[in-house]
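Report on one structure; see the data block that follows.
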Amino acid sequence: MLEDTNFWTAVAFVIFIGLAYKPAMKKIGGVLDERAETIRTQIEEAQQLREDAQALLANYKRKQRDALKEAEDIVAHARDEAKRTQEQAAIDLDIALKRREAQALEKIAQAEAKALQEVREKAVDVAMAATRRLLVDQVDTKVANTLVDDAIAQLPGKLH
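Each residue of the sequence shown is one higher than the one before, starting from 8 at the first, in this note's numbering.
Structure representation (structure tokens):
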């Protein structure tokens, strides 16, 4: 057995494996440990990225809710403002219509007063002309002048 080459080849192989096992295992273990560390680092980075993404998503959702709320507030404010403007326009229109109505009534009253004054003046002119004609036809000049003068003197007191 000690003379068999297969035996010595096997012994040499076992010794070689024994001597190479420790450094090879250290090397393989180091590579595996390094790979495990790289994977763990990548997992931690992925978890951190996921947390950051969730925080960003929550932030954007909050901003979106805030923007929607602000938009709703703006629309509500615009509706209120439009309603207030419409109510004020209705009030202003009503005031303008009442003012125009008052102006129209005032113009009508002035025209009516002017027409009455013109009718009175015309009636006085007609009465005076008729009185003159009657007096000229029926009364002598001296008496007629006296009557006309008296009538003219009394006229301002009767008109007002």
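C-beta atoms are modelled at their ideal positions from N, C-alpha and C, and glycine is treated no differently.
Leu9 carries a coil assignment under DSSP once its states are collapsed to helix, strand and coil.
C-alpha of Glu125 to C-alpha of Glu119: approximately 10 Å in a straight line. Given a length threshold of 4 residues, the region 8-50 has no whole run of the alpha helix (DSSP H) inside it. Distance between Thr148 and Glu113, taken at the CA atoms: about 48 Å. Between the region 154-165 and the region 129-143, the count of C-beta pairs closer than 8 Å reaches three or more; the two stretches touch. Between Gly36 and Ala53, the alpha-carbon positions lie close to 25 Å from each other. Straight through space, the alpha carbons of Leu75 and Ala103 are spaced by roughly 41 Å.
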